[in-house]
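Colleague: Handing you this structure, nothing more for now.
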Amino acid sequence: MNQYTIQFFCGQINYVRAFFENYQDDYIRTSITVINKIKADLVVDTALSPELAIRHVERTFQQSKYGCALHFNVSMK
Amino acid sequence: MGFMAAFEKFAEKTLVPVAAKLNSQRHIVAIRDAFILSFPITLAGSLIVLLNFAVLAPDGFIAKILFLHKLFPNLADLQSVFSPVLNGSVNILSMFIVFLVARNMAISLKADELLSGLTGLSVFFIIYPPYTNVEGTNFLTTQWVGAQGLFVALIVGLLVGELFSRLSKSKKLQINMPDSVPPAVSRSFKVLFPIIIITVLFAIVNALINAVYPEGLHGFIYAVIQTPLKSLGTNIVSLVILAIVSNLLWVFGIHGPNTIAAIREAMFAEANLENLNFVAEHGTAWGAPYPVTWAINDAFANYGGSGMTLGLLIAIFIVAKRQDYRDIGKLSLAPGLFNINEPIIFGLPVVLNPILIVPFILVPAINIIIGYVAIVSGLIPPIAYSVPWTTPGPLIAFLGTGGNYIALLLGFVCLAVSTLVYLPFVIAANKANAVSYGGQKSDSDVSA
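The following block contains the structure:
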């Protein structure tokens, strides 16, 4: 199991926090620390590679109720 | 509570849920994605028109620059080779759209997407004006398969997608074949009754409408819905409002262009295609029927990405004293040349930045008006050629007008204007400390 910290940028960070706080699916388990209004650190426990983990995080959030409407950017810390 | 904080709260509590609804509402998503999926095909058509009239035509601007017709005297003959691409792209766009909308609806309702799309296409032609027989040969008008049939395509796609998906889930309407039957056959039989019901239903509706309105459903919808909506869309006020809304959503972290995409496409798609057809027919953008389309935004108000942030980058290089601004500026320049501005949006940041929100919204509106005035005053032709949005800055105006040098110059003027508007705000940012975002100070550690 790998652990990565992914930087998550979004103008609506509360929605990101609400979604990723203790989020878990078949591939990732996450915890989140909000740094400020537009930035959060997402700690991801996963068996995926860094690239796949980022892609999975992006896709998962994009398919969420509010993620589909939000503009965000993620990068590996 | 300050204005900015109040608006942030409003955005979070009201705008985000509304935008989320718009971005997840299946009918809107089906329309939006249909246009996104058909974009490469329409772009191919547009690029061929550009190739024909910029490169292959003797008076094309690239042909003139490179003296192509002195090097290759028969170059113009090749135009007829490429022209049919338009017949297989822009001129039959409504067929793509009806298929894709019905398919997208079925995807969101978890039904058979391929057969839903095909049923949509089938219905599109059930309600199509009948064949005319000329000397023993049947002819079908092409009037409604291109731009003019777009709204029928959208409506039929939505209705068929919805009906097909719901009917095909009814156990009473399913014909289940034994396991020994090949999957393709089994799949077809499963939705046989829904398809029959839908096609018969639309045939009856078509007959009823034809009895009342002899021009048929296509003519009816074109006159009653598509034309008024197109008129609404192709005026400067609508264009500026759409741009303002899109950029306003953007600075509050909502994906503005995606959120307004379905509305934008419905309002401008026909006008864009009519302009392109005009160019294909006349070889010039001068006199194109719709001077105001969303293309003005791309041609004059989107350099660097939403908010015309290429102007912001230049302003940063000129007056920014803050090292974080200059660092982000350098990092953002290369993607910014291709109208990608994520690094600057989250790096400066622009999002939720009370100083930069004003020019971010104001600059595109000003440049759209500049482009509009130049077009309606006859200084430059309408932006009739579709150009990929990643084309660097003023080149969009140049190529979109079919190689008009004044449009290219105007593009640089718009860039200068945007820089001038951004300058005082960047100076203000110099004087302000890093904007507080509720936690640690704003930083600039976004990587591209």
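If you're matching them up, the sequences are chains A and B in order. Number 67 in the numbering used here belongs to position 67 of the first sequence; there are no gaps in the numbering. When you read off a place in the second sequence, starting at 1, and then add 77, the result is the number in the numbering used here. Yeah, the Cβ is synthetic: ideal placement off N, Cα and C, and Gly gets one too. Computed from a predicted model, the values in this text were never measured in an experiment.
(1) Nearest-angstrom Cα distance between ALA153(B) and THR219(B)?
(2) For LEU48(A), which residues from the same chain have a beta carbon less than 8 Å from its beta carbon, with the 5 sequence-adjacent residues on both sides left out?
(3) Find out if the Cβ-Cβ distance for the pair GLY413(B), GLY381(B) is shorter than 8 Å.
(4) Could you check what DSSP says for ASN354(B) in three-state terms: helix, strand or coil?
(5) Checking contacts by CB at 8 Å: is LEU114(B) closer than that to chain A?
(6) What does a CB cutoff of less than 7 Å around MET76(A) pick up in its chain, not counting 5 residues either side in sequence?
(7) Any beta carbon of chain B sitting closer than 8 Å to that of TYR15(A)?
(8) Residues of the stretch 452–481 of chain B in Cβ contact with chain E at a cutoff of 9 Å, in chain order, please.
(9) Would you say PHE9(A) lies against chain B (beta-carbon separation less than 8 Å)?
(10) Cβ closer than 8 Å: which chain A residues qualify as neighbours of LEU429(B)?
(11) Just checking my contact of LEU235(B) with LEU244(B) at CB under 8 Å: how many whole Å lie between their CB atoms?
(12) Taking buried to mean at least 16 other C-beta atoms within 10 Å of its own C-beta, is PHE112(B) buried or exposed?
(13) Report the rounded CA-to-CA distance for PHE279(B) versus SER101(B), giving the unit in angstroms.
(14) Cα separation between ASP520(B) and ILE318(B)?
(15) Throw me the rounded Cβ distance for the ASN276(B) and SER199(B) pair, which I believe falls under 8 Å.
(16) Compute the Euclidean distance between the alpha carbons of GLY67(A) and GLN225(B), then round it to the nearest angstrom.
(17) Can the beta-carbon of VAL167(B) be found less than 8 Å from the beta-carbon of GLY197(B)?
(18) Are there 16 or more other CB atoms within 10 angstroms of the CB of THR370(B), so buried, or fewer, so exposed?
(19) Would you list the one or two residues that DSSP bridges to ARG29(A)?
(20) So that I know if they touch, is there some Cβ in chain A lying closer than 8 Å to that of TRP371(B)?
(21) By alpha-carbon positions, which one of ILE286(B), ASN418(B), VAL453(B) and LEU231(B) ends up nearest to MET344(B)?
(22) Provide the residue(s) that pair with SER308(B) in DSSP beta bridges, ordered along the chain.
(23) Cβ atoms of LEU316(B) and ASN374(B): under 8 Å apart, would you say?
(24) Under 8 Å between the Cβ atoms of GLY479(B) and ALA131(B)?
(25) Classify ALA397(B) as helix, strand or coil using the three-state DSSP reduction.
(26) Given that TYR66(A) touches chain B, what residues does it touch there, using C-beta distances under 7 Å?
(27) Out of LYS267(B), PRO469(B) and GLU89(B), which has the shortest C-alpha to C-alpha gap to ILE252(B)?
(28) Kindly indicate if chain A contains any beta-carbon less than 8 Å away from that of TRP363(B).
Modeller: In terms of the structure at hand:
(1) Mapped onto the second sequence, residue 153(B) falls at position 76. Mapped onto the second sequence, residue 219(B) falls at position 142. About 27 Å.
(2) Taking the first sequence and counting its residues from 1, one reaches residue 48(A) at position 48. Once the five neighbours on either side are set aside, the close Cβ partners of LEU48(A) are ASN2, TYR27, ILE28 and HIS56.
(3) Your numbering for residue 413(B) matches position 336 in the second sequence. Your numbering for residue 381(B) matches position 304 in the second sequence. Yes; because the gap between Cβ atoms is below 8 Å, this pair is in contact.
(4) Translated into the one-based positions of the second sequence, residue 354(B) becomes position 277. DSSP places ASN354(B) in helix when its eight states are reduced to three.
(5) Locating residue 114(B) in the second sequence gives position 37, where the first residue counts as 1. LEU114(B) does not count as touching chain A.
(6) As a first step, residue 76(A) must be located in the first sequence, where it is residue number 76. Within the same chain, MET76(A) has close Cβ partners TYR4, ILE6, PRO50 and ILE54.
(7) Within the first sequence, numbered from 1, the residue matching residue 15(A) stands at position 15. The C-beta of TYR15(A) comes closer than 8 Å to at least one C-beta of chain B.
(8) The structure shown contains no chain E; its protein chains are A and B.
(9) Position 9 of the first sequence, counted from the first residue, corresponds to residue 9(A). Judged by the 8 Å Cβ criterion, PHE9(A) is in contact with chain B.
(10) In the second sequence, residue 429(B) corresponds to position 352, counting from 1. GLY11, LYS37 and ILE38, listed in chain order.
(11) Counting from one through the second sequence, the residue named residue 235(B) turns up at place 158. Counting from one through the second sequence, the residue named residue 244(B) turns up at place 167. So it is not a contact: roughly 15 Å between Cβ atoms.
(12) As a working mapping, residue 112(B) is identified with position 35 in the second sequence. So PHE112(B) ends up on the buried side.
(13) The residue given as residue 279(B) occupies position 202 in the second sequence. The residue given as residue 101(B) occupies position 24 in the second sequence. Rounded to the nearest angstrom, the two C-alpha atoms are 28 Å apart.
(14) Along the second sequence, one-based indexing puts residue 520(B) at 443. Along the second sequence, one-based indexing puts residue 318(B) at 241. In this predicted model, ASP520(B) has a pLDDT of only 43, less than 50, meaning its place in the structure is not dependable enough to derive any value.
(15) The residue labelled residue 276(B) in the question sits at position 199 within the second sequence. The residue labelled residue 199(B) in the question sits at position 122 within the second sequence. Note that residue 276(B) corresponds to Thr in the displayed sequence, not to Asn. The Cβ separation is near 6 Å, so the contact holds.
(16) For the purposes of this step, residue 67(A) is taken as residue 67 along the first sequence, with counting starting at 1. For the purposes of this step, residue 225(B) is taken as residue 148 along the second sequence, with counting starting at 1. Looking at the two C-alpha atoms, the distance is approximately 35 Å.
(17) Numbered from its first residue, the second sequence carries residue 167(B) at position 90. Numbered from its first residue, the second sequence carries residue 197(B) at position 120. No, the pair does not count as a contact, with Cβ atoms beyond the cut-off.
(18) Residue 370(B) sits at position 293 when you count from the first residue of the second sequence. Counting other Cβ atoms within 10 Å of its Cβ, THR370(B) reaches 16 or more and is therefore classed as buried.
(19) Counted from its first residue, the first sequence places residue 29(A) at position 29. Paired residues: GLN24(A) and ASP45(A).
(20) Here residue 371(B) refers to the residue found at position 294 of the second sequence. Not an interface residue.
(21) Taking the second sequence and counting its residues from 1, one reaches residue 344(B) at position 267. Comparing Cα positions, the closest option is LEU231(B).
(22) Start at 1 with the first residue of the second sequence, and residue 308(B) comes out as number 231. None, per the DSSP bridge assignment.
(23) For the purposes of this step, residue 374(B) is taken as residue 297 along the second sequence, with counting starting at 1. For the purposes of this step, residue 316(B) is taken as residue 239 along the second sequence, with counting starting at 1. Cβ distance < 8 Å, so ASN374(B) and LEU316(B) count as in contact.
(24) Here residue 479(B) corresponds to residue number 402 of the second sequence, with the count starting at 1. Here residue 131(B) corresponds to residue number 54 of the second sequence, with the count starting at 1. Cβ distance < 8 Å, so GLY479(B) and ALA131(B) count as in contact.
(25) Stepping through the second sequence from its first residue, residue 397(B) is reached at position 320. Residue state, collapsed to three classes: coil.
(26) Position 66 of the first sequence, counted from the start, is the residue given in the question as residue 66(A). Within 7 Å Cβ-Cβ: VAL93 and ALA97.
(27) In the second sequence, residue 252(B) corresponds to position 175, counting from 1. Checked all of LYS267(B), PRO469(B) and GLU89(B); the closest Cα to ILE252(B) is LYS267(B).
(28) The residue given as residue 363(B) occupies position 286 in the second sequence. For TRP363(B), the answer is no, since every Cβ of chain A falls outside 8 Å of its Cβ.
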